[in-house]
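Below: one structure, written as structure tokens.
Number of protein chains: 4
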Amino acid sequence: MARQPPSSTVPRGRPRDPRTRAAILAAARALLERGGLTAVTIEAIAQKAGVSRPTIYRYWPNAPAVAMAAFLDVTGAPDAARSTRSPYAALRAQFHAVADAFAAPAGRSVAAMVAAAQSETELAKAFRNEFIARNRDATRLLLERCIEDGLIAPPADMELVLDLVFGPLFYRLLMGHAPITRGFVDRLLDTVIPASA
Amino acid sequence: MARQPPSSTVPRGRPRDPRTRAAILAAARALLERGGLTAVTIEAIAQKAGVSRPTIYRYWPNAPAVAMAAFLDVTGAPDAARSTRSPYAALRAQFHAVADAFAAPAGRSVAAMVAAAQSETELAKAFRNEFIARNRDATRLLLERCIEDGLIAPPADMELVLDLVFGPLFYRLLMGHAPITRGFVDRLLDTVIPASA
Amino acid sequence: MARQPPSSTVPRGRPRDPRTRAAILAAARALLERGGLTAVTIEAIAQKAGVSRPTIYRYWPNAPAVAMAAFLDVTGAPDAARSTRSPYAALRAQFHAVADAFAAPAGRSVAAMVAAAQSETELAKAFRNEFIARNRDATRLLLERCIEDGLIAPPADMELVLDLVFGPLFYRLLMGHAPITRGFVDRLLDTVIPASA
Amino acid sequence: MARQPPSSTVPRGRPRDPRTRAAILAAARALLERGGLTAVTIEAIAQKAGVSRPTIYRYWPNAPAVAMAAFLDVTGAPDAARSTRSPYAALRAQFHAVADAFAAPAGRSVAAMVAAAQSETELAKAFRNEFIARNRDATRLLLERCIEDGLIAPPADMELVLDLVFGPLFYRLLMGHAPITRGFVDRLLDTVIPASA
DNA sequence: CGGTAAACGAGACGGTACGTCGTGTCTTTGA
DNA sequence: TCAAAGACACGACGTACCGTCTCGTTTACCG
Chain U
389 MARQPPSSTV PRGRPRDPRT RAAILAAARA LLERGGLTAV TIEAIAQKAG VSRPTIYRYW
449 PNAPAVAMAA FLDVTGAPDA ARSTRSPYAA LRAQFHAVAD AFAAPAGRSV AAMVAAAQSE
509 TELAKAFRNE FIARNRDATR LLLERCIEDG LIAPPADMEL VLDLVFGPLF YRLLMGHAPI
569 TRGFVDRLLD TVIPASA
Chain F
389 MARQPPSSTV PRGRPRDPRT RAAILAAARA LLERGGLTAV TIEAIAQKAG VSRPTIYRYW
449 PNAPAVAMAA FLDVTGAPDA ARSTRSPYAA LRAQFHAVAD AFAAPAGRSV AAMVAAAQSE
509 TELAKAFRNE FIARNRDATR LLLERCIEDG LIAPPADMEL VLDLVFGPLF YRLLMGHAPI
569 TRGFVDRLLD TVIPASA
Chain Y
389 MARQPPSSTV PRGRPRDPRT RAAILAAARA LLERGGLTAV TIEAIAQKAG VSRPTIYRYW
449 PNAPAVAMAA FLDVTGAPDA ARSTRSPYAA LRAQFHAVAD AFAAPAGRSV AAMVAAAQSE
509 TELAKAFRNE FIARNRDATR LLLERCIEDG LIAPPADMEL VLDLVFGPLF YRLLMGHAPI
569 TRGFVDRLLD TVIPASA
Chain L
389 MARQPPSSTV PRGRPRDPRT RAAILAAARA LLERGGLTAV TIEAIAQKAG VSRPTIYRYW
449 PNAPAVAMAA FLDVTGAPDA ARSTRSPYAA LRAQFHAVAD AFAAPAGRSV AAMVAAAQSE
509 TELAKAFRNE FIARNRDATR LLLERCIEDG LIAPPADMEL VLDLVFGPLF YRLLMGHAPI
569 TRGFVDRLLD TVIPASA
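Protein chains in written order, with the numbering used here: chain U, 389 to 585; chain F, 389 to 585; chain Y, 389 to 585; chain L, 389 to 585.
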């Protein structure tokens, strides 16, 4: 089991400056937020971060990949367990937070990353695993606690429930046919996950 | 002697050759289906359609706009009223068709257009009005007939119901975390719009 | 002597509006003076003259041709015979006029036409016959009168003399290494065509 | 710690491949000789030189500038001092060479550059300093030697003499109203700079 | 006086070239 | 070995004119 570090683990030559990576991500994030995906060009990132283009390529293969990294860097998973509250209240709070984020200019970035994930499989996988899966996991956890506590009736198909609560949110975010308000989230949850009794 | 300022309805100059427009859209559609949005370049369209680049710009302002036009050109609204069936059966049939379309390579185009609609307001509006709205309208119509016939219980919020059935479909299409099968559509409809009694 | 007009000489159809030709030439001339030869585009002429592009092509084959026509339209031959003066004084006056013209912004047009005449034989011929030849003819005439009156010694090679007076003028106009002043003209004439006795 | 602002003499980054520049100039020269100025397009140069268009723009701002550079690259100044001969013979030889050059297809290029120099000040300056001035300088030098050796009478205005010998040459080159032969050059020199005694 | 023919404006269309931007790779020097 | 700077080929961009064409409309003449 002892992993044999042949020679590759031994850092040779000039070590990478951690500030370089951070500067690139910060620049990419800024460009992503105003300007959307098309504004995230290697050129612009290099300029803004004070870094040469080849350096960026040493870290990521192309511009969307940097954008995705920048996006995932900030967007942490929701911290599911705010212990004091009831799981049902925590669930509501979590979705209120999502609604707020989607309504804010940051929601623009989410949409951009959805778009980016269409073209390249690698990005799609990253987005799915790092962003989508995390959100679903956090919600699934809370739902299971609700069920344990008898706050909601156990659903026939848990994954379908997750699709039913997240689907409409992304649908509105991406189509923009209607706003994403807390009221909307409330009606959505009341319909899909009604409190039992 | 009074020169009549031509009231804009009078076509002046050489009329446009309808084949030109058709050729451009056909080329764009083909490129969109394999290759996705990034493959739809003015250059490639011009080549494929046997048309000069400036001609394309005479019709549309940029590549995504052509792609959107090509997409909307084929994608007609679902023909809601297959008279013989019950509205509820028609509803199911309609969503089965959507599921089939989304699962087919054409679904790729839908995702691409969602992505395209993120960057430009004009495209977003077109996509919303021509594609999203049409689909919702068709479904809304069928739902109202079902209610009239007492096949389903009248929902508190019709728009929310529409979000609940379309949202998960687009969610799966865009995230790709799970396939869009007829079985999925059935479970979805059974949950959101259960047949009354 | 009675020319038989078969049918081609008889003007059929709507006669050309003389204002059209004039408007085109005026526009071309204006564009030529500021902006030089590159500014004389069919597009710009059409715009400025309020005329359609095909109309211009009905009169001339291409833009430089219009420019040349516009140039030659204004630039009449010098009126050699100002009867009252002595031929020698007339000669001087004529070259002073040329110097003035070359020094003025109109000189810019002359240079432009020299440039234009390089590319196309047709233009070169027109320029040579309409502009160069006329100027040489007028000067040759005056020189011959001077010789008749015994004001100057008869030169061995008249054409060389013409090259010697016109050459340096065009040389300075085109190279711009020195200004074209009346003083320069005077020194030039004094050297090449000194008054006899 | 004080970052030294690189004093421009230190070459940073990848150095330019000298073959690139050479290839561009060679291509431009070839295009210039047959086809004239209008044939010297960036597109054509890139094609012929096996170089990308942006690369050309990295060296020169536009097509005429490349043409001028190509022209000046070959056209070295005449080597005035062929020591063995008398300065007067050298003078004659020099102008015979010019006549030959002007009469050859290369003369076409000279005319083209005169034309090109009309539109842009930068080009005019380059042409004047690199080509016109060099030729005048070489001739002026020989003339001064002739005067020193008492071969010709000292002229009142040296610059005028230079205009008188070069002017007619360019005049004939550009107007094409008469050929540029050695005989013409001889008559020209005999008239303007007669051997004294 | 009505038909015919050309003039003319407007604009479509295939081209060619423009000058620019971004990409991804490579080659230097310097840390 | 990393990092910077910049060279370079490539591909696409959106624009400007070109020269030709197809229309509809207008204006003369001629039978």
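We treat Cβ as the ideally placed atom computed from N, Cα and C, and that holds for glycine.
Not a single C-beta of chain Y is nearer than 9 Å to the C-beta of V573 (chain L). Chain Y has a Cβ within less than 9 Å of the Cβ of H565 (chain L).
In the DSSP assignment, A583 (chain F) forms a beta bridge with F:I540.
If you draw a 10 Å sphere on the C-beta of S497 (chain Y), you find 16 or more other C-beta atoms in it, and that means buried. Nearest neighbour of D461 (chain F) by Cα position, chosen from F:A415, F:L552, F:R402, turns out to be F:A415.
Using a CB distance cut-off of 9 Å, Q506 (chain F) counts as an interface residue toward chain U. With the criterion set as a beta carbon lying under 8 Å from some beta carbon of chain Y, the members of the segment 425-448 of chain L are L425, T426, in sequence order.
By alpha-carbon distance to L531 (chain Y), the top candidate from Y:A521, Y:P542, Y:R522 is Y:P542. Going by C-alpha positions, L557 (chain U) is about 9 Å away from P556 (chain F). Taken in chain order, the complete alpha helix (DSSP H) segments of 4 or more residues contained in the segment 433-492 of chain Y are 441-447, 451-462, 475-491.
For a Cβ distance threshold of 9 Å, residue set P543, A544, D545, L548, V549, L552, V580 of chain F lies close to T579 (chain U), ordered along the chain. Apart from sequence neighbours up to five positions away, the residues of its chain that approach F459 (chain U) with a beta-carbon distance below 6 Å are S497, M501, ordered along the chain. Listed in chain order, the non-local C-beta contacts of F519 (chain Y) below 7 Å within the same chain comprise L460, T463, local neighbours out to five positions each way being set aside. By the rule that beta-carbons nearer than 9 Å mark a contact, V486 (chain Y) does not touch chain L. Closer than 9 Å to the CB of I520 (chain L) there is at least one CB belonging to chain Y. In the structure shown, A499 (chain F) adopts helical secondary structure according to DSSP, grouped into three states. Taken atom to atom, the span from the alpha-carbon of D537 (chain L) to that of A477 (chain L) is near 12 Å.
The residues R496, A500, in chain order, have a CB closer than 7 Å to that of G424 (chain Y) in the same chain once the five nearest residues on each side in sequence are set aside. Setting aside the 5 residues that flank it on each side, P452 (chain F) is surrounded in the same chain by L425, V428, A504, S507, E508, L511, each with a C-beta closer than 8 Å to its C-beta; the list follows chain order. Of the candidates L:R409, L:R400, L:A481, L:R409 places its Cα closest to the Cα of K436 (chain L). With its beta carbon at least 9 Å from every one in chain F, F483 (chain U) lies outside the interface. With respect to the C-alpha of L548 (chain L), the residue from Y:R417, Y:L479, Y:P493, Y:T569 having the closest C-alpha is Y:T569. Proximity of chain L to F459 (chain Y) at the Cβ level (cut-off 9 Å) is not reached, the minimal Cβ distance being about 14 Å. Within chain L, the residues M563, G564, H565 have their CB atoms less than 9 Å from the CB of R516 (chain Y), given in chain order.
Residues of chain U whose Cβ lies closer than 8 Å to the Cβ of R560 (chain F) are, in chain order, D551, G555. Using a CB distance cut-off of 9 Å, V454 (chain Y) does not count as an interface residue toward chain L.
Counting of Cβ neighbours within 10 angstroms places R524 (chain F) among the buried residues, the total reaching 16 or more. Within chain L, not a single residue places a beta-carbon under 9 Å from that of V398 (chain Y); the smallest gap is close to 38 Å. DSSP, read as helix, strand or coil, puts A566 (chain Y) in coil.
Rounded to whole angstroms, the gap between the alpha carbons of K513 (chain F) and I433 (chain U) is 30 Å. Under the Cβ distance rule, L529 (chain L) does not count among the residues neighbouring chain Y, no pair being separated by less than 9 Å.
M546 (chain L) and A491 (chain L) have their alpha carbons spaced roughly 26 Å apart. C-alpha of R446 (chain Y) to C-alpha of L529 (chain Y): approximately 38 Å in a straight line.
In this structure, DSSP gives P403 (chain F) a state outside helix and strand, which the three-state scheme calls coil. Distances from the CA of F483 (chain Y) to each of Y:I430, Y:L420, Y:T527 were compared; the closest alpha carbon is that of Y:T527.
Spatial neighbours of L550 (chain F) in its own chain (CB-CB distance under 7 Å, excluding positions within 5 residues in sequence) are listed in chain order as R524, T527, R528.
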